[in-house]
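Start counting the sequence shown at 0; every next residue gets the next number (numbering that gives the first Met the number 0). Virtual Cβ for every residue (Gly too), placed ideally from N, Cα, C.
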Amino acid sequence: MNYRRGVILALFLILLAPQAANADGKAFGGKFPHFKTLHEKEQVAVIAHQDGIQKMMLAVNIAMASDESGLWILPIPAAATDVEIDLLDSFPRFQGDDPRHVDIDYHTAFLLMRIPQVWPLFFDAIFSPNFLGVDLQIHAKAQKWGIHSEVIETESKEALLSHIHSEGIELASKELDSFDPYFNGDFSFVATWIESISMLKEKFPESTRSLHEGRWPSLMVTFPTKRAFYPMLASRWEPEEKDHYGSLEIQLAVVGHVTPVVIESSTTDYSTSFQHQIQSEWPKGCPEAFIEGLPTQDIRFSAAWIFVYPEYIDSDIWFEPYHPPGMDLAIRMWKLVNWLVHPVSLVLFYGLFSCLCAAITGWTLFGRSRRMALTGLWNFTTIVGLGFALKFQGLPDDIAKKFLLRFTLIFVFGTYLIQLGLWWLIETLAGVGA
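Here is the structure:
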């Protein structure tokens with residue numbers, strides 16, 4: 000599939016708690032085969048939307064303590080015949096900063112990025128629908144590493160529940176109540192469950208650690224949709240003790256700069272934080288099929304954190320493109336500062352500015368500057384080395400001391416003024432409209 004410009008890439012990045020099985024949508028687990036809703040604390044996904052097509056990578060958490068299996072059901076706003084699924088054996092991690100609020104020494108955040116590799120593993124999906132009955136059809140299947148995933152078409156909760164029971168999974172009807180709005184013909188479902196936890200843990204021994212450490216199984220779903228979509232409503236559940244379970248946290252990073260157009264709740268018990276950011280490059284080894292047609296450098300995205308009590312969720316989330324005021328200027332300043340703090344640029348600046356300060360000092364003391372400018376290069380050996388250089392030139396001790404003192408004052412205050420000027424440019428000019 001050829002992906003061109005106009006991309007919205009949403010990256011849902013959350014470290015999974017060891018006891019929480021998260022593949023987005025709604026998670027079920029327990030002692031096989033008796034499953035019930037898992038009380039999720041966090042959710043994880045990576046979404047790319049462009050030209051009416053969305054790709055979504057879902058992290059499968061297999062660190063489920065003593066549980067033997069898990070089930071995830073994800074509603075998809077597309078016909079089942081248009082939905083494709085792939086299995087991957089890793090999950091990417093992205094980082095970035097708001098270029099409108101950078102600091103002079105922020106470059107370390109861009110130079111030191113810990114991002115795991117992503118290796119795509121493809122399989123032949125079954126595209127011929129498997130007719131299980133009038134009310135339910137299977138349009139695609141994937142099986143790998145003890146994970147089973149399939150695309151389901153149905154408008155009946157009873158038919159979906161019956162199919163789950165036919166796979167040997169016992170689930171009460173009330174556990175699917177949050178899916179009632181999706182049984183309308185406009186949605187299909189992707190159901191994923193673990194058939195062999197031992198096989199999966201043998202393939203992914205890192206599963207006992209957090210998500211960003213090592214390889215991690217994930218499911219990639221591709222489907223058509225006009226706007227980027229996240230099925231938040233499917234995560235609704237009614238806990239018996241709200242204070243015990245707490246709120247659900249969803250963390251997003253959206254490349255292409257977007258804004259949520261639907262974040263609604265029946266109460267005020269939720270909060271959001273949204274930031275527009277930029278990242279230098281893609282994680283090393285990110286699948287070409289996933290990032291085809293996307294920018295290779297200076298990747299724009301938006302980071303969002305949503306905290307909501309699951310029982311108050313009454314809406315999904317959709318995203319539309321958004322151009323933050325002042326962002327273009329901010330990114331130009333971000334690139335400028337990145338260049339300035341590059342090691343080579345810093346060495347050149349240090350040498351040239353030392354020569355300039357030495358020239359100014361020589362001109363104010365002796366009325367000559369050209370010869371003293373080259374003396375400034377000795378500042379690479381610290382102020383002590385510069386002092387020895389002045390002594391080798393035969394300057395009297397009192398004159399050399401005056402030179403060192405004046406040079407130091409000019410150098411220190413000069414660099415401070417340059418830093419202050421950069422700060423003003425970044426925070427004032429690049430921050431306009433932030």
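Continuous beta strand (DSSP E) stretch holding residue i: start and end
i      : result
Leu135 : Leu135 to Lys143
Lys54  : Ile52 to Ala58
Glu319 : Ile316 to Pro320
Ser217 : Ser217 to Pro223
Glu83  : Glu83 to Leu87
Pro259 : Val257 to Pro259
Ala47  : Ala44 to Gln49
Ala190 : Ser187 to Ile193
Ile151 : Ile146 to Thr153
Residue i vs residue j beta-carbon contact at 8 Å
i      : j      : result
Leu135 : Ala158 : yes
Leu87  : Met56  : yes
Leu416 : Asp315 : no
Lys401 : Leu364 : yes
Thr278 : Ile249 : The sequence given here places Gln at residue 278; Thr does not occur at that position. Going by C-beta atoms, Gln278 is not nearer than 8 Å to Ile249.
Phe289 : Ala47  : yes
Phe406 : Ala358 : no
Leu73  : Pro230 : yes
Trp215 : Ala44  : no
Pairwise C-alpha distance: residue j and residue i
i      : j      : result
Ile163 : Pro323 : 45 Å
Gly81  : Phe222 : Strictly speaking, residue 81 in this sequence is Asp, with Gly absent from that position. Each residue's Cα considered, the two are about 6 Å apart.
Trp317 : Met219 : 19 Å
Ile312 : Phe178 : 12 Å
Leu443 : Leu385 : In this structure the chain extends from 0 to 433, so residue 443 is not present and cannot be described.
Thr414 : Trp362 : 19 Å
Trp144 : Glu194 : 9 Å
Val346 : Asp396 : 30 Å
Trp304 : Trp192 : 27 Å
Pro320 : Gln296 : 19 Å
Gly292 : Phe348 : 37 Å
Trp281 : Ala388 : 47 Å
Leu419 : Phe391 : 36 Å
Ile52  : Phe306 : 28 Å
Val383 : Pro259 : 58 Å
Leu404 : Thr360 : 9 Å
Arg331 : Pro294 : 16 Å
Asn378 : Arg226 : 58 Å
Lys173 : Glu287 : 41 Å
Start and end residues, alpha helix (DSSP H) containing residue i
i      : result
Ala399 : Asp396 to Trp423
Leu159 : Lys156 to Ser165
Glu201 : Ile196 to Lys202
Outcome for residue i when other beta-carbon atoms lying within 10 angstroms are tallied against a minimum of 16
i      : result
Gly366 : exposed
Asn183 : exposed
Ser197 : exposed
Arg370 : exposed
Gln49  : buried
Trp423 : exposed
Thr463 : Lying outside 0 to 433, the shown extent of the chain, residue 463 is not represented and no answer is given.
Ser165 : exposed
Val257 : buried
Lys54  : buried
Ile146 : buried
Phe300 : buried
Gly255 : buried
Ile168 : buried
Chain-order list of residues whose beta-carbon lies under 8 Å from that of residue i (same chain, five-residue window excluded)
i      : result
Ile450 : In the structure as shown, the chain begins at 0 and stops at 433. Residue 450 is therefore absent and cannot be evaluated.
Leu394 : Phe402
Pro180 : Leu232
Ala141 : Ile84, Asp85, Leu86, Phe122, Ala124, His147, Ser148, Glu149 and Leu218
Ala399 : Gly386, Leu389 and Lys390
Proximal residues to residue i (C-beta, below 7 Å), its chain only, five neighbours per side dropped
i      : result
Pro76  : Asp185, Phe186, Thr224 and Phe228
Lys202 : Trp144
beta-carbon residue i near the ligand FAD non-hydrogen atom, thresh 7 Å
i      : result
Thr191 : Within the structure as shown, the ligand FAD is missing, as the structure has no ligands at all.
Sequence-distant residues of the same chain with beta carbon closer than 6 Å to residue i, five excluded per side
i      : result
Cys354 : Ala372 and Gly375
Ser155 : Asp134
Phe410 : Cys356
is_contact[residue i, chain D] using C-beta, thresh 8 Å
i      : result
Leu199 : Chain labels in this structure do not include chain D; a single protein chain is all it has.
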